[in-house]
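Enquirer:
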Amino acid sequence: MNDVYKKLETCLKSVREKTDFRPETALILGSGLGNYADEKDVKIEKKIPYHEIEGFPTSTVPGHKGQFVFGYVGDVPVVIMQRRVHYYDGYPMSEEVLPTRLMGMLGAKKLILTNAAGGVNYDYSPGDFMIIKDHITQFIPSPLIGANPDELGPRFPDMSAVYDKELRRTIRRIADNLNIPVQEGVYVQFTGPAYETPSEIKMCRTLGGDAVGMSTACEAMAANHMGMQICGISCITNMACGMTKTPLSHEEVQKTADRVAIQFKTLITALIKTTGTGE
Ligand code: HPA
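Numbering of the sequence shown is given in the numbering used here, commencing with residue 258 and proceeding in unit increments.
(1) Between G361 and I493, is the Cβ-Cβ spacing less than 8 Å?
(2) My understanding is that I393 touches V443, with C-beta atoms under 8 Å, so please give their C-beta distance in whole angstroms.
(3) Does the pairing of the stretch 332-342 with the stretch 282-296 give three or more beta-carbon distances under 8 Å?
(4) Following a CB-centred definition, is E476 positioned closer than 7 Å to any heavy atom of the ligand HPA?
(5) On a CA-only basis, which of F413, K275, I402, P334 is nearest K304? Give me that one, please.
(6) Between which two residues does the beta strand (DSSP E) holding V548 run?
(7) Just reading off the beta strand (DSSP E) that S491 is part of, what are its end residues?
(8) Tell me whether the stretch 489-506 and the stretch 448-456 touch, counting them as touching only if at least three CB pairs, one residue from each stretch, are closer than 8 Å.
(9) Would you check if the distance between the CB atom of I525 and the CB atom of I369 is smaller than 8 Å?
(10) Quick one: Cα of A474 to Cα of Q395, how far?
(11) Could you give the distance in angstroms between the alpha-carbon of P411 and the alpha-carbon of I529?
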């Protein structure tokens with residue numbers, strides 16, 4: 258059996274020993290949204306810390322304790338990743354996307370990706386939300402490199418519509434109804450952990466990028482490979498390097514994410530309730 262798939266089966270078994278919950282929608286929380294699953298929005302059924310799952314990658318950031326939260330948003334059964342691992346944690350890309358694949362194997366058909374990102378487009382401002390229309394991943398290794406786990410998807414998957422058009426339209430409609438302004442654009446993933454240089458940001462803009470970050474697109478690639486229906490929302494926490502006079506800091510990212518966290522949560526809750534069937 259394919260090594261990647263073998264590891265997934267071990268993780269799946271480990272989770273199934275703790276819960277038989279079948280999620281319909283999977284949600285990965287980015288910076289600032291991390292406490293979503295603590296809120297009254299989610300009727301929590303089960304929490305599983307990552308370190309209790311055999312073979313599961315865990316983050317190297319101090320205090321960055323991650324867990325799966327299983328529960329209901331309205332009638333919709335969800336699995337939520339409270340904290341994700343990043344490529345800069347030092348795991349190979351195939352490990353970084355293991356949690357995404359695992360959520361698919363647990364039953365999730367839809368994937369909602371969220372992140373904090375730097376704004377590359379001069380029309381954006383910190384605190385804006387951006388619906389991810391497409392992405393550029395050519396600066397990171399593909400998570401699909403290596404023997405293909407045929408059980409999950411094809412060797413050469415099509416990438417022409419990774420971010421579902423209908424879900425994107427729904428996010429916009431929900432945001433309009435809630436009076437939450439949203440942008441729509443292209444997300445560029447870099448490895449991190451250093452922020453980009455001004456020249457790299459200029460390059461991103463030349464390439465058609467609107468926002469930059471250190472996650473998400475690789476997860477979308479793995480989820481697309483296994484046929485999940487995907488959408489992504491970036492919280493623009495700062496203007497990217499070289500666009501303002503101030504140096505970038507994680508504190509700035511966190512501060513903006515905190516400022517708009519309630520709006521972000523409102524949007525996510527409405528999105529799950531609108532797009533999930535709860536059946
Ligand atoms: N660059 C990369 N990742 C980020 C940024 C950024 O400017 N802001 C939040 N995450």
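Note that the Cβ used here is the ideal one computed from N, Cα and C, for glycine as well.
Expert: In short, the structure shows the following:
(1) On the sequence shown, position 104 is the one that residue 361 refers to. On the sequence shown, position 236 is the one that residue 493 refers to. The answer is no: Cβ separation not under 8 Å.
(2) As a working note, residue 393 is residue 136 in the sequence shown. As a working note, residue 443 is residue 186 in the sequence shown. Rounded, the Cβ-Cβ distance is 6 Å, consistent with contact.
(3) yes
(4) Here residue 476 is taken as the residue at index 219 of the sequence shown, counted from 1. E476: no, Cβ never under 7 Å from the ligand HPA.
(5) Mapped onto the sequence shown, residue 304 falls at position 47. Looking at the Cα atoms, K275 is the closest of the given residues.
(6) For residue 548 there is no data in the structure shown, the boundaries of the chain being 258 and 536.
(7) What you label residue 491 is simply residue 234 of the sequence shown in a count that begins at 1. Taken as a continuous stretch (DSSP letters only), the beta strand (DSSP E) holding S491 covers 486-496.
(8) yes
(9) Translated into the one-based positions of the sequence shown, residue 525 becomes position 268. Translated into the one-based positions of the sequence shown, residue 369 becomes position 112. The answer is yes: Cβ separation under 8 Å.
(10) Position 217 of the sequence shown holds residue 474. Position 138 of the sequence shown holds residue 395. Whole-angstrom Cα-Cα distance: 10 Å.
(11) What you label residue 411 is simply residue 154 of the sequence shown in a count that begins at 1. What you label residue 529 is simply residue 272 of the sequence shown in a count that begins at 1. Answer to the nearest angstrom: the Cα atoms are 28 Å apart.
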